[in-house]
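A.B. asks: Here you go, one structure.
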Amino acid sequence: MERIRFKDEYLSPIPYITVRTSGSTGTPKEIQLQKSLLAESARRTNDFFGINSESRLHSAISDEFIGGKMMVVRSVEAHCRFTWETPSMQPLKSLTDKSAIDLLAVVPSQMWGLISNEYPIPELRNIIIGGAPIADNLRERLYDRPFKCWETYGMTETASHIALKEISPAVEYFTTLPGVSVTVDNRDCLVINDNGREIITNDVAELFSSTEFKILGRYDNMIISGAKKINPLEIENEISKLTSFPLYISSRKDDRWGEALVVVIEKNNQRYKDFMQEWERIKSRLSDILPGWKIPKDVVVIESFETTPTGKLIRRKF
Numbered sequence: 316m317e318r319i320r321f322k323d324e325y326l327s328p329i330p331y332i333t334v335r336t337s338g339s340t341g342t343p344k345e346i347q348l349q350k351s352l353l354a355e356s357a358r359r360t361n362d363f364f365g366i367n368s369e370s371r372l373h374s375a376i377s378d379e380f381i382g383g384k385m386m387v388v389r390s391v392e393a394h395c396r397f398t399w400e401t402p403s404m405q406p407l408k409s410l411t412d413k414s415a416i417d418l419l420a421v422v423p424s425q426m427w428g429l430i431s432n433e434y435p436i437p438e439l440r441n442i443i444i445g446g447a448p449i450a451d452n453l454r455e456r457l458y459d460r461p462f463k464c465w466e467t468y469g470m471t472e473t474a475s476h477i478a479l480k481e482i483s484p485a486v487e488y489f490t491t492l493p494g495v496s497v498t499v500d501n502r503d504c505l506v507i508n509d510n511g512r513e514i515i516t517n518d519v520a521e522l523f524s525s526t527e528f529k530i531l532g533r534y535d536n537m538i539i540s541g542a543k544k545i546n547p548l549e550i551e552n553e554i555s556k557l558t559s560f561p562l563y564i565s566s567r568k569d570d571r572w573g574e575a576l577v578v579v580i581e582k583n584n585q586r587y588k589d590f591m592q593e594w595e596r597i598k599s600r601l602s603d604i605l606p607g608w609k610i611p612k613d614v615v616v617i618e619s620f621e622t623t624p625t626g627k628l629i630r631r632k633f
């Protein structure tokens, strides 16, 4: 079996690793993370899930990304068994070892593949899903499974997640891992305190306590139209109840309002003309749900959506 490349790097005497940020909100950049930070993050996750030397971890994520790297670190710190596979949209399908997996790491698109295809898989105990937002229709499909699914909150700079939320209709807030607390700044953006290390994010949050929070959207994706602050995710959620057509909410410059709301769709989807014909009906239905200033004024058609290597949508303004 091919040796895990990142394991050699992690076990080398150099005290840090060099990683690239995702680029979902700007140009990707290289940063250095101390291996002591990675080890502490790994131990927290291992403690949370009860991972020990008898456990098995499995990653369907490439170790080129922080999510895949941290699965390696968790296995090293727990001295436990670690298996991995070449990333695909049908995770676990090619596994010959069907022994139980205590912790599996996937991205949302892989989770769709796992639950949509019928093929034998090992017993799964916990799945962490990260790298991109989890759509509401996927979230609902994960309720009442024989394994537990967890949404992660974190970033490259925090060496993977600092908080977890079980995917369950009864759970509304993320809960931070031990040693991590949160506040918000004057923009209502989340501020992470990790044992004295402060990280200011651009994620607009609602706090329930110093260790529980909900993410409302990104500050840099917020749209200011007519001096009103609009969260595009709120509008997308309402539109998703009326159509399954892939889209996102953005804005374009407007002399009167500063920014005018628009729906963005992709021309690569062969059904885009059908959506254009349906838009007036959808817009009329939205007017029963949302105030007029939250109704998109127009539809913008682009060739195709842009995403980061981990599948995060890159939102463009026009």
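With the sequence shown counted from 1, adding 315 to any position gets you my numbering.
Even glycine gets a Cβ: it sits at the ideal position worked out from N, Cα and C.
On a predicted model such as this, the values are computed, not experimentally measured, just so you know.
Buried or exposed for D323, going by 16 or more other Cβ atoms inside 10 Å?
C.D. replies: Taking the first residue of the sequence shown as position 1, residue 323 is located at position 8. Flag for D323 reads exposed.
A.B. asks: Taking the runs of the alpha helix (DSSP H) that are 4 residues or longer, which of them lie wholly in the segment 418 to 482?
C.D. replies: Fully enclosed alpha helix (DSSP H) runs of 4 or longer: 423 to 431, 451 to 456.
A.B. asks: When the distance is taken between beta carbons, is Y325 closer than 9 Å to K344?
C.D. replies: Indexing the sequence shown from 1 puts residue 344 at position 29. Indexing the sequence shown from 1 puts residue 325 at position 10. Result no, Cβ atoms of K344 and Y325 do not sit closer than 9 Å.
A.B. asks: Measuring straight from C-alpha to C-alpha, what distance separates M316 and E400?
C.D. replies: Sequence index remark: in the sequence shown, residue 316 carries index 1 (1-based). Sequence index remark: in the sequence shown, residue 400 carries index 85 (1-based). Residue placement at M316 is flagged as unreliable, the pLDDT there being 38, under the threshold of 50; a coordinate-derived value is accordingly withheld.
A.B. asks: Considering just the uninterrupted stretch of the alpha helix (DSSP H) at T360, what are its terminal residues?
C.D. replies: Taking the sequence shown and counting its residues from 1, one reaches residue 360 at position 45. Residues 350 to 364.
A.B. asks: Should the segment 480 to 492 be called in touch with the segment 518 to 530, which here means at least 3 C-beta pairs below 8 Å?
C.D. replies: Cβ pair count under 8 Å is three or more, so yes.
A.B. asks: Rounded to a whole number of angstroms, what is the C-alpha to C-alpha distance between T398 and T467?
C.D. replies: Here residue 398 refers to the residue found at position 83 when the sequence shown is read from its first residue. Here residue 467 refers to the residue found at position 152 when the sequence shown is read from its first residue. Cα to Cα, the separation comes out at about 21 Å.
A.B. asks: Compare the C-alpha of N546 against each of S559, L557, Y563, T558 and name the closest.
C.D. replies: Indexing the sequence shown from 1 puts residue 546 at position 231. Considering only alpha carbons, the answer is Y563.
A.B. asks: Could you give the first and the last residue of the continuous alpha helix (DSSP H) run that contains K544?
C.D. replies: Within the sequence shown, residue 544 is the residue found at index 229, counting from 1. No alpha helix (DSSP H) holds K544; the beta strand (DSSP E) holding it covers 543 to 545.
A.B. asks: Using beta-carbon positions only, say whether Q405 and L372 come within less than 9 Å of one another.
C.D. replies: Residue 405 sits at position 90 when you count from the first residue of the sequence shown. Residue 372 sits at position 57 when you count from the first residue of the sequence shown. Not in contact: Q405 and L372 (Cβ atoms no closer than 9 Å).
A.B. asks: Go to W399, then tell me how far its beta strand (DSSP E) extends in each direction, as first and last residue.
C.D. replies: Along the sequence shown, one-based indexing puts residue 399 at 84. Its beta strand (DSSP E) spans residues 396 to 399.
A.B. asks: Sort out for me which residues DSSP pairs R335 with in a bridge.
C.D. replies: Translated into positions along the sequence shown, residue 335 becomes position 20. The partner list for R335 (beta bridge, DSSP) reads E345.
A.B. asks: Taking 9 Å as the threshold (C-beta atoms), are I436 and L457 in contact?
C.D. replies: Walking along the sequence shown from the start, residue 457 turns up at place 142. Walking along the sequence shown from the start, residue 436 turns up at place 121. Contact: no.
A.B. asks: Quick check on DSSP: helix, strand or coil for S403?
C.D. replies: The count along the sequence shown starts at 1 and reaches residue 403 at position 88. S403 falls in the coil class under three-state DSSP.
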